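What follows is a short report on a single structure.
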Amino acid sequence: MAICVVLDGTALRVVGEYTADCAGYALMSAQEYASVPTLATLFALPDPDSVQAAFMAGLSLPVILWLTSWGLGAVVNFINSRAATQTLDED
Numbered sequence: 005m006a007i008c009v010v011l012d013g014t015a016l017r018v019v020g021e022y023t024a025d026c027a028g029y030a031l032m033s034a035q036e037y038a039s040v041p042t043l044a045t046l047f048a049l050p051d052p053d054s055v056q057a058a059f060m061a062g063l064s065l066p067v068i069l070w071l072t073s074w075g076l077g078a079v080v081n082f083i084n085s086r087a088a089t090q091t092l093d094e095d
């Protein structure tokens, strides 16, 4: 667990466990530092597999939804046009 330290002159003085109220610095071990995401890891380039998956989801999902709605609209229009042509007008 990280500890809270403050700069006291030229030395670091331990205040206690690191909490949100710590007015100094967080002192961590190497294992704790390795598990904390840094700014460099947050903005690092993603691996190609995740980019490909995101691109395919962003491209294919709208295309599949558009084709599905177009096909459903064609079926509905076909059924509506058949119902409209079966009306008989008598003189």
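Note that my numbering gives residue 14 to position 10 of the sequence shown, counting from 1, and the numbers run on in steps of one. Note that CB positions come from ideal geometry on N, CA and C, so glycine has one too. All of these numbers come straight from a predicted model, not from anything done at the bench.
For residue 38, the enclosing alpha helix (DSSP H) begins and ends at 34-39. Per DSSP, the unbroken beta strand (DSSP E) holding residue 11 starts and ends at 7-12. Taking 3 residues as the shortest admissible run, the segment 24-81 contains the following complete beta strand (DSSP E) segments, listed from N- to C-terminal end: 29-31. The Cβ atoms of residue 30 and residue 8 lie closer than 8 Å to each other.
Rounded to whole angstroms, the Cβ separation of residue 40 and residue 28 is 17 Å, and the two are not in contact under 8 Å.
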